[in-house]
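Enquirer: Below you will find the structure I want to go over with you.
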Amino acid sequence: MSDRWYSEAVIYCLDIDTFADSDGDGVGDIQGLISRLDYLAGLGITCLWLQPIHPSPNRDDGYDATDFYNVDPRFGTLGDFAELLHQANNRGIRVIIDLVVNHTSDQHPWFQSARSSPDSPYRDWYVWSDQQPADRHQGMVFPGEQNETWTYDRTAKSWFYHRFYKFQPDLNFGNPAVRDEIKKIVSFWIQLGVSGFRIDAAPFIIEMTEPGNANSPKDFAFLTELRQHVQWRSGDAVLLAEANVEPDELQKYFGDSGGSANRLHMLFDFMLNGRLMLALARRDPEPVIEALRETPALPSGAQWATFLRNHDEIDLSRLTADQRQDVFREFGPDEDMQLYGRGIRRRLAPMLGNDRRRIELAYSLQFSLRGTPVLRYGEEIGMGEDLSLPGRESIRTPMQWSMKPNAGFSEADAGKLIRPVVEGGDFGYERVNVTLQRQDPGSLLSWFERMTRALREAPEIGSGTCTPIDQVLPPGVLAHRADGPTGTMVFLHNLSTKHATVDLGSLYEEADLPNDMLSDRPYNPVGKLDALELAGQGYRWIRLCRSYAGAGPAGRPV
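Mapping of the sequence shown onto UniProt numbering: residues 1 to 558, in sequence order.
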């Protein structure tokens with residue numbers, strides 16, 4: 001269904017500046033991205049999520065915008081962007097962009113005007129306090145890098161609020177003019193052809209900041225307004241948001257108390273992500289089962305977005321202290337691998353010891369759970385990180401295309417690159433690149449292509465229900481099912497290293513010629529499901545039954 005295309009999508013997240021450089025200036029650009037669209041189409045990607053694209057001083061990797069109605073000149077022009085949308089559409093790929101409107105750059109003309117005079121028409125577009133707020137040192141997003149959330153501006157002779165860095169003053173969403181402007185920004189990009197937005201820091205754009213109140217109220221009505229506005233402009237545009245909040249608050253982001261899905265279409269599932277990391281670290285599926293059972297029921301039309309690695313650190317803040325330490329011990333034992341005391345700044349392949357079986361297991365598990373999978377660029381070839389880079393930049397290195405200098409990313413001198421490429425060792429571009437893996441049918445890239453094809457043939461994953469199979473299973477084994485109008489899938493994942501035999505014979509009455517769709521290795525036919533073999537760190541996607549249009553009894557075609 002076109003109005004819910006996002007429920008069966010595969011989303012690929014990338015930064016334009018580190019993906020492909022077409023003009024040799026060391027910075028990736030839109031034309032470079034266009035030249036790689038065929039690669040993405042072959043990978044099975046159906047939606048591109050672009051990180052910030054707007055003009056920016058780049059003090060925070062583009063999240064400090066100075067103009068929401070243009071693209072950064074380093075990337076190209078609006079005309080280039082329109083061409084990207086056209087070429088992506090030709091390949092069946094939609095494009096969504098980051099909507100980073102919780103704040104602006106302090107160099108934005110709005111803020112420069114606002115600070116210049118109390119009479120500025122933009123003064124009330126930001127959050128000010130004439131007195132030093134009592135909560136000045138509370139609510140930092142980047143502990144250790146931020147010292148405060150209120151900063152005194154000598155020109156304005158007042159304190160301004162910034163949930164993030166001090167060069168990113170927060171917009172005042174209690175001001176109707178600000179809300180109207182955000183709607184204009186959204187309308188502009190929808191008119192140009194984008195299919196939606198990933199809303200950065202969603203809890204903060206509905207925060208009605210009160211100086212001195214560290215727990216200022218939230219106005220969810222703005223999300224309702226934004227959804228209505230977007231739907232009027234484009235019936236199938238999607239709002240995907242980042243909201244790492246308490247579980248009992250999640251439903252408020254999807255819809256109001258009446259049960260309507262009238263706010264956000266999608267949320268990233270941070271709760272599941274943390275539990276996935278814990279399950280992988282402990283080689284125990286129980287945390288995933290708990291997450292699936294504790295997830296609040298969603299209103300019709302709402303959807304989760306699942307991920308293993310995203311563009312930030314792996315955020316473990318929803319785990320207990322002991323659970324977090326278990327994950328740190330397994331995947332980020334060194335202090336320079338950790339960030340903000342809550343997360344890990346590594347890519348998945350090195351976290352899993354470059355163990356191909358474990359990498360496949362992890363992504364098979366993510367892609368088979370309910371929701372829409374999101375894949376970070378370079379994960380499909382097993383890229384590594386550069387821990388010599390500061391903070392989150394460690395996982396934002398250039399895409400590794402080939403064995404050419406600069407990994408085929410750019411023809412510029414190495415010193416002019418936006419960031420250095422990863423070179424040498426197990427994850428250097430000399431060993432890990434697209435060109436080598438294209439030539440190898442057994443490569444990780446080839447495996448990802450097979451998995452995305454299997455996903456496209458199993459729409460129940462994205463649009464159906466997801467339920468753990470509640471019966472006694474061998475230690476380390478997770479069994480779950482996805483049920484939808486098109487049929488039923490069953491999934492087995494063995495997080496342990498020991499071989500297992502699984503008895504799911506109780507499901508055979510539901511089956512209609514059950515068969516393997518994807519597995520870590522060839523197995524004996526599934527038979528009556530009562531003796532399913534599963535290797536250590538193995539997985540099986542089993543088609544239990546399929547429903548057909550115009551089906552007769554038992555779902556069989558007439």
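Heads up, the beta-carbon is just placed ideally off N, CA and C, and yes, glycines get one too. Given the structure is predicted, the values throughout are model-derived calculations rather than measurements.
Would you identify the three-state DSSP class for residue 553, choosing helix, strand or coil?
Expert: Within the sequence shown, residue 553 is the residue found at index 553, counting from 1. Here residue 553 scores only 38 on pLDDT, less than 50, and its place in the model should not be relied on; the value that follows carries that caveat. Residue state, collapsed to three classes: helix.
Enquirer: For residue 184, tell me which candidate among 518, 420, 68 has the shortest Cα-Cα distance.
Expert: Position 184 of the sequence shown, counted from the first residue, corresponds to residue 184. Checking every option, the nearest Cα to that of residue 184 belongs to 68.
Enquirer: If you drop the 5 nearest sequence neighbours on each side, which residues of the same chain put their C-beta closer than 8 angstroms to that of residue 572?
Expert: Since the first residue shown for the chain is 1 and the last is 558, residue 572 is missing from the structure and cannot be characterised.
Enquirer: Quick check: residue 201 and residue 164, are their CB atoms within less than 9 angstroms of each other?
Expert: Start at 1 with the first residue of the sequence shown, and residue 201 comes out as number 201. Start at 1 with the first residue of the sequence shown, and residue 164 comes out as number 164. Cβ distance < 9 angstroms, so residue 201 and residue 164 count as in contact.
Enquirer: Can you check DSSP and say which residues form a bridge with residue 399?
Expert: As a first step, residue 399 must be located in the sequence shown, where it is residue number 399. Partner(s): none; residue 399 has no beta bridge.
Enquirer: Kindly identify the DSSP beta-bridge partner or partners of residue 502.
Expert: If you number the sequence shown from 1, residue 502 lands on position 502. Partner(s): 532.
Enquirer: Is the segment 394-405 touching the segment 372-386 in the sense that three or more CB pairs, one from each, lie closer than 8 angstroms?
Expert: Output reads yes: the segment 394-405 touches the segment 372-386.
Enquirer: Sorted by chain position, which residues of the same chain lie with C-beta nearer than 6 angstroms to residue 364's C-beta, five sequence neighbours on each side aside?
Expert: Numbered from its first residue, the sequence shown carries residue 364 at position 364. Cβ within range, chain order: 539.
Enquirer: Between the segment 238-247 and the segment 262-274, do three or more beta carbon pairs fall short of 8 angstroms?
Expert: The segment 238-247 vs the segment 262-274: in contact.
Enquirer: Quick one, are the C-beta atoms of residue 45 and residue 28 less than 9 angstroms apart?
Expert: Here residue 45 is taken as the residue at index 45 of the sequence shown, counted from 1. Here residue 28 is taken as the residue at index 28 of the sequence shown, counted from 1. Taking 9 angstroms as the Cβ cut-off, residue 45 and residue 28 do not qualify as a contacting pair.
Enquirer: Residues bridged to residue 252 by DSSP?
Expert: By one-based count along the sequence shown, residue 252 stands at place 252. Partner(s): none; residue 252 has no beta bridge.
Enquirer: Is the Cβ-Cβ distance between residue 250 and residue 296 less than 9 angstroms?
Expert: If you number the sequence shown from 1, residue 250 lands on position 250. If you number the sequence shown from 1, residue 296 lands on position 296. For residue 250 and residue 296, yes; Cβs fall inside 9 angstroms.
Enquirer: Could you tell me if residue 192 is buried or exposed, where buried requires 16 or more neighbouring beta carbons within 10 angstroms of its beta carbon?
Expert: Taking the first residue of the sequence shown as 1, we reach residue 192 at position 192. Its Cβ having fewer than 16 others within 10 Å, residue 192 is exposed.
Enquirer: Does the structure place the segment 118-138 close enough to the segment 66-84 that three or more beta carbon pairs sit under 8 angstroms?
Expert: No: fewer than three Cβ pairs fall under 8 angstroms.
Enquirer: For the alpha helix (DSSP H) that contains residue 86, what are its first and last residues?
Expert: If you number the sequence shown from 1, residue 86 lands on position 86. Here the alpha helix (DSSP H) through residue 86 covers 78-90.
Enquirer: Give me whichever residues DSSP pairs with residue 151 in a beta bridge.
Expert: For the purposes of this step, residue 151 is taken as residue 151 along the sequence shown, with counting starting at 1. 160.
Enquirer: If you drop the 5 nearest sequence neighbours on each side, which residues of the same chain put their C-beta closer than 7 angstroms to that of residue 141?
Expert: Along the sequence shown, read from residue 1 onward, the residue named residue 141 stands at position 141. Same-chain partners within the cutoff: 163, 164.
Enquirer: With 16 as the cutoff for other CB atoms within 10 Å, does residue 443 come out buried or exposed?
Expert: Position 443 of the sequence shown, counted from the start, is the residue given in the question as residue 443. Per the 10 Å Cβ criterion, buried.
Enquirer: Considering only residues of the segment 304-332, which uninterrupted alpha helix (DSSP H) runs meet the minimum length of 4 residues and lie entirely inside it, listed in chain order?
Expert: Within the segment 304-332, the complete alpha helix (DSSP H) runs of at least 4 residues are 321-331.
Enquirer: By the DSSP assignment, the alpha helix (DSSP H) with residue 221 in it spans what residues?
Expert: Walking along the sequence shown from the start, residue 221 turns up at place 221. Per DSSP, residue 221 belongs to the alpha helix (DSSP H) from 221-233.
Enquirer: With a threshold of 16 other CB atoms inside 10 Å of the CB of residue 582, please say whether the residue is buried or exposed.
Expert: Because the chain is modelled from 1 through 558, residue 582 falls outside the range shown and cannot be assessed.
Enquirer: From 308, 400, 341, pick the residue whose C-alpha is nearest to that of residue 371; which is it?
Expert: Here residue 371 refers to the residue found at position 371 of the sequence shown. Residue 371 has its Cα closest to that of 308, out of 308, 400, 341.
Enquirer: For my contact list, residue 440 and residue 465 are in at a C-beta cut-off of 8 angstroms; report their separation, rounded to the angstrom.
Expert: Here the question's residue 440 lines up with position 440 in the sequence shown. Here the question's residue 465 lines up with position 465 in the sequence shown. No, residue 440 and residue 465 are not in contact; Cβ-Cβ is about 37 angstroms, not under 8 angstroms.
Enquirer: Could you say which of 39, 25, 48, 26 lies nearest to residue 6 if we only look at CA atoms?
Expert: Here residue 6 refers to the residue found at position 6 of the sequence shown. The shortest C-alpha separation from residue 6 is found at 48.
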